[in-house]
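Data block below; observations after.
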Amino acid sequence: MSLDLHFILFLLLRMAIAAAFVVTASVITERSGPVIGALIATLPVSAGPSYVFLAIDHDAAFIAQGALASLPINAATIFMCLTYVMLAQRRGMLVSCASAFAVWIVLASIIRQFDWSLTAGLAANLIAFGICIPLLAGYRHVKMPLVARRWYDVPMRAVLVATLVAIVVSTSSWVGPRISGIIAIFPVVFSSMMVILHPRIGGPPTAAVLANSAWGLLGFGTAIAVMHVAVVQFGSAIGLCLALGTCVTWNLTLWGIGRRAMHKARQAS
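The sequence shown runs 1 to 269 under full-length UniProt numbering.
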């Protein structure tokens, strides 16, 4: 088998695996309501496979540098969510989504101009989430209507995430760890949710999923920081596992807190 054919087949396999992760997570999201949907959406179902495949091709130093670039981008993502949530209450999908994407692109373009340290990346996240979480709180509680899936939903999501993985894997060697880290956490899951759900169930219910994602995204940022530190100390495999464990533990904790709050509210009523 030629080297080019081997690369193409391995790339297609990577794309298929990543697409399967995202499609599964987004289907669960549609059926579980905005709270559970947000917890699923903020798991590393898109960034995780991208980083795993980067770790196969590059050393721990590359992954650590990529994580440093990803960390402040997480702050850009929460501002993207805030933009969409605010506009989706009264505006259509085109205006809401285009504005949200524009905010992410502008912020990501600014962020990539600087060399970020771990401390600076964490500070950017704390400031961003300190601003956005209170502003998003009022949009979290909206009932999710029943979603009737259309034939193109699954292929569309699969193509989105598979394309992302192809770009990350194919370009990482010449764009370097910083750009790879930025591309790796492009918000594919949120993007597909906005584009697919908004015209079918309306802006406010779709926005509720993103509004509920704020605390989960904060945990995702924490996981990126854990990955950076752990990869340097223990290598890529352990670092990626610890990052995944951080995300899962964080979201399970949020789910448990939410369940207790609902139980107390029912008892009080």
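Beta carbons: idealized from backbone N, C-alpha and C, even for Gly.
Here the structure is a predicted model, which is why all the values come from computation and not from measurement.
Practice task
Identify whether residue 263 lies in helix, strand or coil by the three-state DSSP scheme.
Solution key: As a working mapping, residue 263 is identified with position 263 in the sequence shown. Helix.
Practice task
Please confirm whether residue 109 and residue 185 have their CB atoms less than 8 Å apart.
Solution key: What you label residue 109 is simply residue 109 of the sequence shown in a count that begins at 1. What you label residue 185 is simply residue 185 of the sequence shown in a count that begins at 1. No, they are not a contact pair.
Exercise for the section: Using three-state DSSP, classify residue 113 as helix, strand or coil. Expected result: Your numbering for residue 113 matches position 113 in the sequence shown. It is coil, neither helix nor strand.
Handout entry: Inter-residue Cα distance where the pair is residue 166 and residue 55
Key = Taking the first residue of the sequence shown as 1, we reach residue 166 at position 166. Taking the first residue of the sequence shown as 1, we reach residue 55 at position 55. In a straight line, the C-alpha of residue 166 is about 15 Å away from that of residue 55.
Handout entry: For residue 212 and residue 272, believed in contact at Cβ under 8 Å, the rounded distance
Key = Lying before the first or after the last residue shown, residue 272 is absent from the chain, which here runs from 1 to 269.
Practice task
Give me the Cβ distance between residue 132 and residue 214, rounded to the nearest whole Å; I'm assuming they're in contact under 8 Å.
Solution key: Here residue 132 refers to the residue found at position 132 when the sequence shown is read from its first residue. Here residue 214 refers to the residue found at position 214 when the sequence shown is read from its first residue. At roughly 6 Å, the Cβ-Cβ gap stays under 8 Å, so residue 132 and residue 214 are in contact.
Practice task
Could you please give the first and the last residue of the uninterrupted alpha helix (DSSP H) stretch that includes residue 84?
Solution key: Taking the sequence shown and counting its residues from 1, the one referred to as residue 84 is at position 84. Residue 84 -> alpha helix (DSSP H) spans 60-88.
Practice task
Take residue 239 and list the residues in its own chain whose beta-carbon comes closer than 6 Å to its own, dropping the five residues that flank it on each side.
Solution key: Here the question's residue 239 lines up with position 239 in the sequence shown. Answer for residue 239: 227, 230, 231, listed in chain order.
Problem - Whether residue 44 touches residue 223 by CB criterion (8 Å) - result: By 1-based counting over the sequence shown, the position of residue 44 is 44. By 1-based counting over the sequence shown, the position of residue 223 is 223. Taking 8 Å as the Cβ cut-off, residue 44 and residue 223 qualify as a contacting pair.
Exercise for the section: Determine the contact status of residue 77 and residue 116, defining contact as a CB-CB distance below 8 Å. Expected result: As a first step, residue 77 must be located in the sequence shown, where it is residue number 77. As a first step, residue 116 must be located in the sequence shown, where it is residue number 116. Cβ distance not < 8 Å, so residue 77 and residue 116 don't count as in contact.
Problem - Three-state secondary structure (DSSP) of residue 200 - result: To locate residue 200, count along the sequence shown from 1; it is residue 200. Of the three classes helix, strand and coil, the one that applies to residue 200 here is helix, per DSSP.
Exercise for the section: Would you check if there are 3 or more beta carbon pairs closer than 8 Å linking the region 79-88 to the region 246-256? Expected result: no
Practice task
Kindly indicate the opening and closing residues of the alpha helix (DSSP H) around residue 42.
Solution key: To locate residue 42, count along the sequence shown from 1; it is residue 42. First-last for residue 42: undefined, no H or E at that position.
Practice task
Quick one: which unbroken alpha helix (DSSP H) runs of 4-plus residues sit fully inside the region 211-255? Chain order, please.
Solution key: 214-234
Practice task
Check residue 187 in the structure and name its three-state DSSP category.
Solution key: Here residue 187 refers to the residue found at position 187 of the sequence shown. Coil at residue 187, not helix or strand.
Handout entry: Local Cβ density within 10 Å of residue 205, reported as buried at 16 or more and exposed below that
Key = One-based indexing of the sequence shown puts residue 205 at position 205. That one is buried.
Problem - Classification of residue 266 by the beta-carbon crowding that lies within 10 angstroms, buried from 16 upward - result: The count along the sequence shown starts at 1 and reaches residue 266 at position 266. Looking at its Cβ environment, which holds fewer than 16 other Cβ atoms inside 10 Å, residue 266 is exposed.
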